[in-house]
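Notes to accompany the following structure.
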């Protein structure tokens, strides 16, 4: 058994590039930044940002084209894929995340936040962030 699963929450670093291939197949490519903040032994606050290359296909790419732009905060689930190419006789490798699921986090620009508003496509679900300011009532006895 093997598992190839990546979960990322980060901010889009540049507007997605959308291409339409043969037979109308859409592909979207964009970068996503994830930042780790911690305090070093010296007491200094350290921030480390990693950049990830994201690729979305078909229906998910169409959702990205309509709603995702630079600065958008996203939750992405996907799979790692390593590609290689040769340039000037030297072999180079790139690692991408092929997105399977995408959730938009935060408010939409220019609109009030709507709880539970959902947009579903065959391959993607885009969800506004729920309101956690009010605790949920629970009927569990403990």
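In my numbering, the protein residues as written are 2 to 143. Where is the CB? At the ideal position from N, CA and C, for every residue including glycine.
Pick from 29, 50 and 32 that is closest to residue 39, judged by C-alpha positions: Cα-wise, what sits closest to residue 39 is 50.
Measuring alpha carbon to alpha carbon, tell me which residue in 20, 33 and 8 is nearest residue 1. Since the displayed the chain opens at 2 and closes at 143, residue 1 lies outside it and no answer follows.
Start and end of the alpha helix (DSSP H) containing residue 22? Per DSSP, residue 22 belongs to no alpha helix (DSSP H) and is neither H nor E.
Taking Cβ to Cβ, would you say residue 17 is nearer than 8 Å to residue 27? In this structure, residue 27 does not lie closer than 8 Å to residue 17 by Cβ.
To the nearest angstrom, how far is it from the Cα of residue 92 to the Cα of residue 83? Residue 92 and residue 83 have their C-alpha atoms roughly 13 Å apart.
Cα separation between residue 62 and residue 15? Rounded to the nearest angstrom, the two C-alpha atoms are 15 Å apart.
Would you check if the distance between the CB atom of residue 8 and the CB atom of residue 31 is smaller than 8 Å? The Cβ atoms of residue 8 and residue 31 do not sit closer than 8 Å to each other.
Three-state secondary structure assigned by DSSP to residue 4: In the three-state scheme derived from DSSP, where H, G and I count as helix and E and B as strand, residue 4 is classed as coil.
From residue 107 to residue 43, what distance separates their C-alpha atoms? Whole-angstrom Cα-Cα distance: 34 Å.
Ordered along the chain, which non-local residues of its own chain (more than five positions away) have a Cβ less than 6 Å from that of residue 70? Apart from the 5 residues on each side of it in sequence, residue 70 sits with its Cβ closer than 6 Å to the Cβ of 16 in its chain, given in chain order.
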